[in-house]
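For the protein sequence lines, the chains are A and F, in the order given. Numbered according to UniProt numbering, the first sequence terminates at residue 313, and the numbering increases by one at each position without gaps. Numbered according to UniProt numbering, the second sequence terminates at residue 313, and the numbering increases by one at each position without gaps. Read the structure below first, then the notes.
Protein chains: 2
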Amino acid sequence: MNAAPGKISLVGIGPGSLDHLTPAARTAILDADTVIGYATYIKLVEPLLAGKEVIRKSMTEEIDRAIEALARAREGRKVALISSGDAGVYGMAGPTYEVLFEAGWNPESDIAVEVIPGASALNSCAALVGAPLTHDFCAISLSDLLTPWAVIARRLNAAAEADFVVALYNPKSGRRSEQIVHAQSLFLAHRDPRTPVAIVKSGYRARQKVELTTLAQLAEAEIGMLSTVLIGNSHTFARAGLMVTPRGYTNKYDVGSGDTREGEQRGRSLSTGLDGFVATVRDSAEDASRLAERFGLPLTYIEQLLAEPAAVT
Amino acid sequence: MNAAPGKISLVGIGPGSLDHLTPAARTAILDADTVIGYATYIKLVEPLLAGKEVIRKSMTEEIDRAIEALARAREGRKVALISSGDAGVYGMAGPTYEVLFEAGWNPESDIAVEVIPGASALNSCAALVGAPLTHDFCAISLSDLLTPWAVIARRLNAAAEADFVVALYNPKSGRRSEQIVHAQSLFLAHRDPRTPVAIVKSGYRARQKVELTTLAQLAEAEIGMLSTVLIGNSHTFARAGLMVTPRGYTNKYDVGSGDTREGEQRGRSLSTGLDGFVATVRDSAEDASRLAERFGLPLTYIEQLLAEPAAVT
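What follows is the structure, given as structure tokens:
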């Protein structure tokens, strides 16, 4: 190894437009000697690359990108490894740490490593369609290039059943066209066919395209490599071309006036919050396994609630 | 209504440091006549507020903030409604659209509305602890101020069972200290007590604190209003003070050399991908309900796979 300390910056560039590149991400790119990334993402930061070594890799070469970054950093160079969106979400942060640890690196060694966060595709796509992610959500990649389908299908099913809003990454590619059809089928087992769905392609880039559709029509929509699919939960509504998931304010407030509803208190848990739920379980005439089934919760958890108060609360 | 066109910008300021504020977010704040937000977040963008009307609201006044923004925009003012992280993730985008629609607004009316995305707490907290979100993840808020606990508990259970990485928002507050204990209990029903957990408080702000712990120790950790909790999946590991979730490259590649493993092809689905899974199901001697149980999938989905190929694929 060279004596000069090298550095690897894992940079999330956000959706792609320089308007959405944070100052921290910009600085990391400008300070780098070498910039490595998928060719499509390199193009998005082209104005910042003058005088730098630029290494363009193809889509499937993530491990090669990380190995290359390590080799350059060992020579004492500053390397920016760029990812679209957030470097930590299906981005280069994971494979790079895997390669670094495999090579015996640790944070005290002479190569400094930092991750610079950015808005991921789910954040920027949501911004373009309204407010679909205002309640609990999941991100699931439909790519089975690295993940067995049994794992992906089980997550799709769990997310659909527990009423999460879901962002599908890598929904489709030239060779993978059936995964999205299976995802639709798994969702339809639990969710209304009229559930709003948004498909955002190249958000905040030159060829941006936003399409609102429904779960029933999802498989017919135009979906490609650069698309992200957002599926609403059971409360999500589409109106005037926007997709909005209520946060639940109507459980507590009159949204017109801002006044609190009867029986609820501003700044306090709902009457159906944790304490109310525990009271409902304890006051119920049903036995533990019936309660577990009714609420879709593990029997062990219900049994803890029914045991002496000290057990869980 | 006034004839001058008003505007509402829903601005995600990222984790808080101006280094992570995008140019689009900065411009929206600088262009605004009125800036409205929770007092803590207003403080984070103080250097940009000279000469503006600034309205500081308390934590529970989201609906009031949206009503106030609408009133100002109706007077023809440009209003920036700021949220920490991403305005679309448990931020002001949702309640604002709810209030706007309630008031009869639509996108063709004289008040323009835009959402400016930012890195959410899960992105910035992940960046500070390594690469925990490299695989499928969920965001779940533990606040029962607007959401019944039965809904939250069911989502926690589903996320734990289907092996998602999970980011817990609003894990604890002065009045809500037991929700995190219940979340831990629900996770322990499915996941190893040694599962890595990270707790990030005030990420990228003056009082930043990062703590790595385990699922077993989660309830003893210091967690507050400004903390985000990240719980790993069954493959997440902690090493040298970092938390990393493998993307699955070892299913396909030798991470040291970058070479492809036997039986797998670069750029193609895994042998256990969708086609392999469908073949496994069809070749199995088990009946549909046994298969549904084994894979944790709906019976209807398995039956579709077993029916003629045209049904799903």
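Glycine is no exception: its CB is placed at the ideal position from the N, C-alpha and C atoms.
Using DSSP with H/G/I as helix, E/B as strand and the rest coil, what is residue 61(A)?
On the first sequence, position 61 is the one that residue 61(A) refers to. Reduced to three states, the DSSP call for residue 61(A) is coil.
Neighbouring residues, chain F, relative to residue 98(A) (Cβ below 9 Å):
Counted from its first residue, the first sequence places residue 98(A) at position 98. What residue 98(A) touches in chain F: 131, 134, 244, 246, 247, 249, 250 and 255.
Looking at the structure shown, is residue 238(A) part of a helix, part of a strand, or coil, going by DSSP?
The residue you call residue 238(A) lines up with position 238 of the first sequence. Residue state, collapsed to three classes: strand.
Min CB distance residue 312(A) to chain F below 7 Å
Taking the first residue of the first sequence as 1, we reach residue 312(A) at position 312. Residue placement at residue 312(A) is poorly supported in this model, since its pLDDT is 49, which falls under 50; the coordinates are not used for a value here.
So, do the segment 265–277 of chain A and the segment 159–166 of chain A have three or more beta carbon pairs nearer to each other than 8 Å?
no
Keeping to the same chain, check which residues put their C-beta closer than 7 Å to that of residue 157(A); ignore five residues upstream and five downstream.
On the first sequence, residue 157(A) is found 157 positions in, with the first residue counted as 1. Closer than 7 Å at Cβ, skipping near neighbours: 186.
Cβ shell of residue 96(A) (< 7 Å), same chain only, five flanking positions each side left out:
The count along the first sequence starts at 1 and reaches residue 96(A) at position 96. Around residue 96(A): 8, 10, 66, 69 and 81.
Output needed in chain order: residues of the segment 61–73 of chain F with a Cβ under 9 Å from some Cβ in chain A.
61, 62, 63, 64, 66 and 67
For residue 213(A), three-class secondary structure by DSSP
What you label residue 213(A) is simply residue 213 of the first sequence in a count that begins at 1. In the structure shown, residue 213(A) sits in a strand (DSSP, three-state: E or B).
Quick one: residues in its chain with C-beta nearer than 7 Å to the C-beta of residue 260(F), no 5 flanking neighbours on either side, listed in chain order?
Working through the second sequence from its first residue, we reach residue 260(F) at position 260. Counting only Cβ-Cβ distances below 7 Å, and skipping sequence neighbours, we find 252, 253 and 266.
Could you pull the DSSP bridge partners for residue 198(F) from this structure?
Position 198 of the second sequence holds residue 198(F). 212(F) and 230(F).
List, in chain order, every chain A residue whose beta-carbon is nearer than 7 Å to that of residue 196(F).
Here the question's residue 196(F) lines up with position 196 in the second sequence. Within 7 Å Cβ-Cβ: nothing; residue 196(F) doesn't reach chain A, min ~13 Å.
C-alpha distance - residue 294(A) paired with residue 83(A), whole-angstrom precision
Translated into positions along the first sequence, residue 294(A) becomes position 294. Translated into positions along the first sequence, residue 83(A) becomes position 83. Distance between the alpha carbons of residue 294(A) and residue 83(A) is about 43 Å.
Rounded straight-line distance, which links the Cα of residue 111(F) to that of residue 77(F)
Against the second sequence, residue 77(F) aligns to sequence position 77. Against the second sequence, residue 111(F) aligns to sequence position 111. Rounded to whole angstroms, residue 77(F) to residue 111(F) spans 9 Å at the Cα level.
Compute the Euclidean distance between the alpha carbons of residue 300(F) and residue 190(A), then round it to the nearest angstrom.
Your numbering for residue 300(F) matches position 300 in the second sequence. Your numbering for residue 190(A) matches position 190 in the first sequence. Cα to Cα, the separation comes out at about 11 Å.
Please state whether DSSP places residue 72(F) in a helix, a strand or coil.
Position 72 of the second sequence, counted from the first residue, corresponds to residue 72(F). It is helical.
Collapsed DSSP secondary structure at residue 56(A) in the structure displayed:
Working through the first sequence from its first residue, we reach residue 56(A) at position 56. Three-state result, residue 56(A): strand.
Would a check of beta-carbon distances place residue 283(A) closer than 7 Å to chain F?
Residue numbering aside, residue 283(A) sits at position 283 when the first sequence is read from its first letter. No - not a single Cβ of chain F is within 7 Å of the one on residue 283(A).
Between residue 268(A) and residue 250(A), what straight-line distance do the alpha-carbon atoms span, to the nearest angstrom?
Taking the first residue of the first sequence as 1, we reach residue 268(A) at position 268. Taking the first residue of the first sequence as 1, we reach residue 250(A) at position 250. Each residue's alpha carbon lies about 15 Å from the other.
Chain A partners of residue 301(F), CB-CB under 9 Å?
For the purposes of this step, residue 301(F) is taken as residue 301 along the second sequence, with counting starting at 1. Within chain A, the residues near residue 301(F) are 153, 157, 182, 185, 186 and 189.
Taking 8 Å as the cut-off, does the segment 235–246 of chain F touch the segment 50–65 of chain F (at least 3 CB pairs, one atom from each stretch)?
no
Start and end residues, beta strand (DSSP E) containing residue 299(F)
The residue given as residue 299(F) occupies position 299 in the second sequence. Where residue 299(F) is concerned, there is no enclosing beta strand (DSSP E), although the alpha helix (DSSP H) it sits in stretches over 299–306.
Do we get a CB-CB distance below 7 Å when we pair residue 297(A) with the residues of chain F?
Residue numbering aside, residue 297(A) sits at position 297 when the first sequence is read from its first letter. Judged by the 7 Å Cβ criterion, residue 297(A) is in contact with chain F.
What residues in the segment 159–170 of chain F bring their beta carbon closer than 8 Å to a beta carbon of chain A?
159, 161, 162, 163 and 164
Can you list, in chain order, the stretches of the alpha helix (DSSP H) that have 4 or more residues and sit fully within the segment 120–156 of chain F?
121–129
Should residue 289(A) be labelled buried (16 or more other beta-carbon atoms within 10 Å of its own) or exposed?
Your numbering for residue 289(A) matches position 289 in the first sequence. Answer is exposed; the Cβ neighbour count stays below 16.
So what's residue 276(F) in DSSP terms, helix, strand or just coil?
Sequence index remark: in the second sequence, residue 276(F) carries index 276 (1-based). In this structure, residue 276(F) counts as helix in the three-state DSSP scheme.
Can you pull the chain F residues whose beta carbon is under 8 Å from the beta carbon of residue 146(A), in chain order?
Counting from 1 along the first sequence, the entry for residue 146(A) is found at position 146. The answer, in chain order, is 247, 248, 249, 251, 252 and 270.
Would you say the segment 163–183 of chain A touches the segment 134–149 of chain A, given that touching needs at least three Cβ pairs under 8 Å?
yes
Own chain partners of residue 200(F) with C-beta closer than 6 Å, once the 5 adjacent residues on each side are dropped:
Position 200 of the second sequence, counted from the start, is the residue given in the question as residue 200(F). Within the same chain, residue 200(F) has close Cβ partners 125, 128, 210 and 228.
Option in 270(F), 39(F), 283(F) and 140(F) with minimal Cα separation from residue 152(A)
The sequence position of residue 152(A) within the first sequence is 152, counting from 1. Of 270(F), 39(F), 283(F) and 140(F), the residue nearest in Cα terms is 270(F).
Smallest Cα separation from residue 206(A): which of 194(A), 197(A), 43(A) and 5(A)?
Residue numbering aside, residue 206(A) sits at position 206 when the first sequence is read from its first letter. Per the Cα distances, 43(A).
Among 31(A), 108(A), 137(A) and 41(A), which one has its Cα closest to the Cα of residue 91(A)?
On the first sequence, residue 91(A) is found 91 positions in, with the first residue counted as 1. Nearest of 31(A), 108(A), 137(A) and 41(A) to residue 91(A), Cα basis: 41(A).
Residue 249(F): first and last residue of the uninterrupted beta strand (DSSP E) it sits in
For the purposes of this step, residue 249(F) is taken as the residue at position 249 of the second sequence. Run containing residue 249(F): none; DSSP gives neither H nor E here.
Just to confirm the assignment, what range does the alpha helix (DSSP H) spanning residue 48(A) have?
Within the first sequence, residue 48(A) is the residue found at index 48, counting from 1. Premise fails: residue 48(A) is in no alpha helix (DSSP H) and is neither H nor E.
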